[in-house]
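Before any comments, here is the structure.
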Amino acid sequence: MNFLALMIGLAVERLLTHLFHLREFNWLNPLFDAVFARLDKLGRAGSVVVTVLLVILLTAPVAAAELALADRLVYVPVFVFSVVVLLFCLGPRDLVEEVDDYRAAIEADDREEIAELATQLLEREPEPGETPDIEGAVYAQANNRIFGVVFWFVVLGATGAWVFRVLDLLRRRAIHRTGIVALADAPAYLQAILQLHYLLAWIPARLLLVGYTLAGNYDTAMPAWRSYRPPADKVFPGDDDLLLGAVGSAAASHREQSGVSGRARVAVSLVTRTLWMIWCPALALLTLYDWIG
């Protein structure tokens with residue numbers, strides 16, 4: 454059931470690009486800011502507890518609705534509900550569309566648009582004179598925006614996908630609010646949120662690394678995976694984000710591509726192949742095995 458809902462959700466998403474702005478959940482920002490203001494007074498342990506309670510509070514309605522709709526009318530209501538929740542959990546911004554806009558801005562030499570889109574992908578403003586690693590950001594954001602949601606949707610249904618999205622929304626808002634880049638300078642509540650997000654993103658990140666390796670160049674991706682040691686000194690990209698960027702870049706066939714625009718296009722291509730040629734067939738086989746069993 455979850456696999457079929459996933460396939461329909463991923464397919465329908467491409468037809469609803471005009472509704473993507475609704476997935477940003479900006480109406481939650483005042484609540485997040487109020488909680489962060491109080492978390493400033495707590496230590497890391499207290500911040501973890503309060504963050505977990507906030508996530509439970511925000512996910513309880515989805516969990517209750519999913520439970521109430523289960524076993525009703527041959528599972529049709531819960532199926533439709535799951536597809537709708539999935540559509541709102543992916544993103545919030547569409548990665549393919551954002552990279553296309555970024556490449557178009559480069560071609561038009563629209564520096565203001567380039568800086569704005571780079572800020573969205575990097576989750577911080579590029580420093581003066583910096584050449585932003587858009588390619589690495591694409592590989593990392595794929596886990597936050599797509600694969601992490603897909604993994605928890607398959608494992609725990611609509612509730613699992615929403616839990617991951619709520620934590621990612623908290624993480625993004627906390628980073629935006631503090632404006633801090635160095636992990637050592639991050640307040641206790643930001644470190645707590647990053648740790649909780651890391652726990653939920655860890656498994657899908659490893660599966661995504663396998664996907665990049667299989668969908669791209671295995672011979673160059675595996676050595677990059679084995680040898681890479683992230684510096685672990687930034688809020689974003691963090692350890693796993695940098696690892697995803699390194700392995701994805703090594704797996705991508707962009708030797709003939711030059712410039713940020715070309716490498717970003719190849720990165721999106723690898724992410725798309727990983728989703729449709731590696732993850733979806735693997736999930737289909739697991740679903741078939743479950744049905745047979």
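Take 454 as the starting number for the sequence shown in this note's numbering and just add one per residue.
We treat Cβ as the ideally placed atom computed from N, Cα and C, and that holds for glycine.
1) Any idea if Leu738 is buried or exposed, counting beta-carbon neighbours within 10 angstroms, 16 or more meaning buried?
2) Leaving out the 5 sequence neighbours to the left and right, which residues in its chain are closer than 7 angstroms to Phe485 when beta-carbon positions are compared?
3) Using the rule of at least 16 other Cβ atoms within 10 Å of the residue's Cβ for burial, across every protein chain shown, is Glu466 buried or exposed?
4) Taking only three categories from DSSP, how would you classify Arg718?
5) May I ask which residues mark the beginning and end of the alpha helix (DSSP H) holding Ile656?
6) Considering just the uninterrupted stretch of the alpha helix (DSSP H) at Glu569, what are its terminal residues?
7) For Leu575, which residues from the same chain have a beta carbon less than 7 angstroms from its beta carbon, with the 5 sequence-adjacent residues on both sides left out?
8) What residue range is occupied by the uninterrupted alpha helix (DSSP H) comprising Leu697?
9) Would you kindly report the start and end of the unbroken alpha helix (DSSP H) that includes Ile587?
10) Between the Cα of Glu519 and those of Pro657, Leu636 and Ala611, spot the shortest distance and give me the residue it belongs to.
11) Cutting at 6 angstroms between CB atoms, please list the residues of its own chain near Leu661, excluding the five before and the five after it.
12) Could you give the C-beta distance for Gly664 and Ser706, rounded to a whole number, given that I count them as a contact under 8 angstroms?
13) Considering Asp441, what are the terminal residues of the alpha helix (DSSP H) in which it resides?
14) Please report the distance separating the alpha-carbon of Val538 from that of Leu472.
15) Mind checking Glu588: buried by the 16 CB within 10 Å criterion, or exposed?
16) Beta carbon of Phe456, beta carbon of Thr740: below 8 angstroms?
17) Can you give the Cα-Cα distance for Glu560 and Val529, rounded to whole angstroms?
18) Is Gly496 buried or exposed, if buried means 16 or more other CB atoms sit within 10 Å of its CB?
19) Excluding the five sequence neighbours on either side, which residues of its own chain have a C-beta within less than 6 angstroms of the C-beta of Asp694, listed in chain order?
20) Keeping to the same chain, check which residues put their C-beta closer than 6 angstroms to that of Val713; ignore five residues upstream and five downstream.
21) Using three-state DSSP, classify Leu543 as helix, strand or coil.
22) In terms of residue numbering, what span does the alpha helix (DSSP H) encompassing Asp486 cover?
23) Does Trp615 pass the burial test, meaning 16 or more other C-beta atoms within 10 Å, or should it be called exposed?
24) Between the beta-carbon of Leu651 and the beta-carbon of Gly691, is there less than 8 angstroms?
25) Given Arg618, which residues of its chain have a CB within under 7 angstroms of its CB, disregarding the five upstream and five downstream residues?
26) Leaving aside the five residues before and after Ala658 along the sequence, list all residues of the same chain whose C-beta is less than 7 angstroms from its C-beta, in chain order.
Reading from the atomic positions:
1) exposed
2) Leu623 and Arg626
3) buried
4) helix
5) Where Ile656 is concerned, the enclosing alpha helix (DSSP H) starts and stops at Ala641 to Ala668.
6) Arg564 to Leu575
7) Within the same chain, Leu575 has close Cβ partners Pro585 and Ala590.
8) Residue range Asp692 to Ala704 is occupied by the alpha helix (DSSP H) that includes Leu697.
9) Ile587 to Ala595
10) Ala611
11) Asn596 and Phe600
12) Contact between Gly664 and Ser706 is ruled out by a C-beta separation of about 15 angstroms, above the 8 angstroms threshold.
13) Only positions 454 to 746 of the chain appear in this structure, which leaves residue 441 out of reach.
14) 14 angstroms
15) buried
16) Taking 8 angstroms as the Cβ cut-off, Phe456 and Thr740 qualify as a contacting pair.
17) 46 angstroms
18) exposed
19) Taken in chain order, the residues that qualify are Ala593.
20) Ile587
21) coil
22) Asn482 to Leu492
23) buried
24) Reading off the sequence, residue 651 comes out as Tyr, not Leu. Yes.
25) If the five residues before and after Arg618 are omitted, its C-beta is found closer than 7 angstroms to the C-beta atoms of Cys542 and Val602, all from its own chain and listed in chain order.
26) Asn596, Asp693 and Leu697
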